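J.: Numbered by the working numbering, the letters in the sequence shown go through residues 80 to 199 in order.
Think of the CB as a built atom: it goes at the ideal place given N, C-alpha and C, for glycine as much as any other residue.
Since the structure is predicted, the reported quantities are computational estimates derived from the model, not experimental observations.
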Amino acid sequence: MGSRNGYWSESKKKRDHWEDQDVGRERAHTADAVKDLLRRWRWEILQHPPYSPDMIPCDYALFAKMKEPLRGTRYNTREEIIHAVGRSLLDVKRSGRADGVRRLPQIWQKVVHMGGGRLY
């Protein structure tokens, strides 16, 4: 019990320290500095949430699987890189690991049909 109380008091000290700091609590996409930069660069700001838990994950491992055969290899020319990436893409396509990407249009149609509601 004593070590647990020690943990909580240490944790409170850390929280108190950070609460005393002048740390911005705004999300990055709403911070004034970011908004100013986007205006200066004349970038269009799309209105959507930064994270949408109701969207279906789309092959999280797809890009990692594409990079696996390329990892640790040194290429001398741009053409070698293009050829190696092309082989990797074909391998992903042949193995069926890109199925989630191919299913996206049907998933988007369901979302549109439901008026943007949850699928599950």
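Judging by CA-CA distance, which residue of Pro184, Lys189, Ala143 and Tyr154 is the nearest neighbour of aspartate 170?
T.: Cα-wise, what sits closest to aspartate 170 is Ala143.
J.: Where does the unbroken alpha helix (DSSP H) through alanine 163 begin, and where does it stop?
T.: From DSSP, the alpha helix (DSSP H) with alanine 163 extends over 157 to 174.
J.: Report whether the distance from the Cβ of arginine 153 to the nearest heavy atom of the ligand COA is below 8 Å.
T.: The model on display carries no ligand, and the ligand COA is accordingly not part of it.
J.: Reducing DSSP to helix, strand and coil, say where methionine 193 ends up.
T.: Coil at methionine 193, not helix or strand.
J.: Once DSSP output is grouped into helix, strand and coil, what is the label at arginine 121?
T.: Of the three classes helix, strand and coil, the one that applies to arginine 121 here is coil, per DSSP.
J.: Spatial neighbours of methionine 80 within its chain, please: CB distance less than 8 Å, with the 5 preceding and 5 following residues excluded, ordered by chain position.
T.: Low confidence applies here, because methionine 80 scores a pLDDT of 46, under 50, leaving its location unreliable and the question unanswered by this model.
J.: Which same chain residues end up closer than 8 Å to arginine 166 when comparing Cβ atoms and leaving out the 5 residues on each side of it in sequence?
T.: Closer than 8 Å at Cβ, skipping near neighbours: Pro148.
J.: What is the DSSP secondary structure of arginine 153, reduced to helix, strand or coil?
T.: Three-state result, arginine 153: coil.
J.: Can you give the beta carbon distance from threonine 156 to alanine 163, rounded, assuming they're within the 8 Å contact cut?
T.: 11 Å between Cβ atoms; not a contact.
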